[in-house]
Amino acid sequence: MSGIPPVPEGLPGEVFDSHCHLDIMVGERQASSGDPVAQAAQAAGASVRAILEQARSVGVTRLVTIGYDLPSSRWNAAAAADHDDVYAGVAIHPNEAHASTPEVLGEIEELARLPHVRAVGETGLDYFRDWASHDDQQASFRAHIEIAKRTGKALVIHDRDAHDDVLRVLADEGAPDVVIFHSFSGDADLAKRCSDAGYFMSFSGPVTYKNAGYLREAAGVAPQELMLVETDAPYLPPVPHRGKPNAPYLIPLTLRCLAEVKGMDVRDLAAAITANGEATFGAW
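If you use this note's numbering, the sequence shown closes out at 287, no skipped numbers anywhere.
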């Protein structure tokens with residue numbers, strides 16, 4: 004891994020990053036030796052303020068920072084309270100579903116009721132890793148769905164190799180008013196199914212990868228009124244920066260790819276996604 008990606012050409016309009024992990028980027032959670040991307044991001048020594056300023060320099064004016072366990076949810080909720088251009092999501096990641104005790108979920112719900120916390124997530128199902136059983140994951144996912152409905156917040160879904168079960172659980176429980184498939188990983192068929200259900204699809208760096216034609220096909224099918232864009236920073240950077248740390252300032256590379264796929268002007272797509280941001284997370 005060699006360094007931090009350079010700043011790309013700025014956007015002609017404003018847009019926002021619908022999903023990143025500020026706590027990992029600034030080193031609040033120290034990266035393990037098996038997490039070289041996060042290690043490199045933390046070595047850069049950026050502060051939340053510096054990350055926001057760099058993002059603004061290319062037209063990315065707001066972001067949503069997402070929790071994945073109780074400590075990260077607490078930290079991200081506090082960061083959102085401290086910065087006007089930041090909202091937070093809080094949840095227990097499906098890989099940590101064994102930690103979804105009643106006590107922990109109760110605190111997640113308390114955090115979700117805070118005004119600057121606008122999402123319950125990331126939650127969902129991850130069948131790629133076996134860190135938590137499918138039963139534990141589904142039970143945790145169902146609990147988070149109910150929290151999102153009780154608090155009136157958007158539900159941010161992590162769906163990895165689990166499309167059918169994610170849709171089934173949502174149908175079983177009754178989906179909240181706003182559902183977002185974070186880092187959308189399905190094909191055009193899943194995009195149609197999400198579109199029919201009114202679920203938002205948030206596209207990240209992999210849509211730019213040469214071997215991810217299925218993601219571009221999905222983006223082509225997704226209605227612009229149901230599209231979001233994200234980094235998942237410090238992970239999943241767009242080309243030509245695979246393997247390097249991601250950050251909100253790299254959104255323009257992903258957004259330009261999406262605009263090309265949609266046959267849209269970049270400014271128009273940015274405006275549509277910004278409007279979708281208000282529909283999903285509320286007015287800033």
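Idealized CB from N, CA, C, for every residue including glycine. Computed from a predicted model, the values in this text were never measured in an experiment.
Exercise for the section: Would you mind sorting GLN141 into buried or exposed? The rule is 16 or more other CB atoms within 10 Å of its CB. Expected result: Within the sequence shown, the letter at position 138 stands for residue 141. By the neighbour-count rule (16 or more Cβ atoms within 10 Å), GLN141 is buried.
Exercise for the section: Please name the residue in VAL107, ILE148 and VAL269 whose C-alpha comes closest to that of ALA174. Expected result: The residue you call residue 174 lines up with position 171 of the sequence shown. Checking every option, the nearest Cα to that of ALA174 belongs to ILE148.
Handout entry: Alpha-carbon spacing of VAL89 relative to PHE19, whole angstroms
Key = Here residue 89 is taken as the residue at index 86 of the sequence shown, counted from 1. Here residue 19 is taken as the residue at index 16 of the sequence shown, counted from 1. Each residue's alpha carbon lies about 10 Å from the other.
Exercise for the section: Report the partner residues of PHE206 according to the DSSP bridge assignment. Expected result: If you number the sequence shown from 1, residue 206 lands on position 203. Beta-bridge pairing by DSSP links PHE206 to VAL232.
Problem - Three-pair Cβ contact test at 8 Å for the stretch 124-134 versus the stretch 155-170 - result: yes
Handout entry: Own chain partners of VAL120 with C-beta closer than 6 Å, once the 5 adjacent residues on each side are dropped
Key = As a position in the sequence shown, residue 120 is number 117, starting the count at 1. The answer, listed in chain order, is ALA80, ALA91, VAL93 and LEU114.
Exercise for the section: Confirm, please, whether the CB-CB distance from VAL172 to PHE293 is below 8 Å. Expected result: Here the chain covers residues 4 to 287 and nothing more, so residue 293 does not appear.
Problem - Residue nearest to ILE254 in terms of C-alpha spacing, selected from LEU14, ILE111 and ILE7 - result: To locate residue 254, count along the sequence shown from 1; it is residue 251. When each option's Cα is compared against that of ILE254, the closest is LEU14.
Problem - Segment limits, alpha helix (DSSP H) that includes GLU113 - result: Along the sequence shown, one-based indexing puts residue 113 at 110. Element bounds for GLU113: 105-115.
Exercise for the section: Count the other C-beta atoms from every protein chain shown that fall within 10 angstroms of the C-beta of THR104, then say buried if there are 16 or more, exposed otherwise. Expected result: Numbered from its first residue, the sequence shown carries residue 104 at position 101. Result: exposed.
Exercise for the section: Can you say whether GLN45 is buried or exposed, counting buried as having 16 or more other CB atoms within 10 angstroms of its CB? Expected result: Within the sequence shown, numbered from 1, the residue matching residue 45 stands at position 42. Flag for GLN45 reads buried.
Handout entry: Own chain residues within Cβ distance below 7 Å of LYS213, not counting five before or after
Key = By 1-based counting over the sequence shown, the position of residue 213 is 210. Excluding residues within five positions, none has a Cβ falling inside 7 Å.
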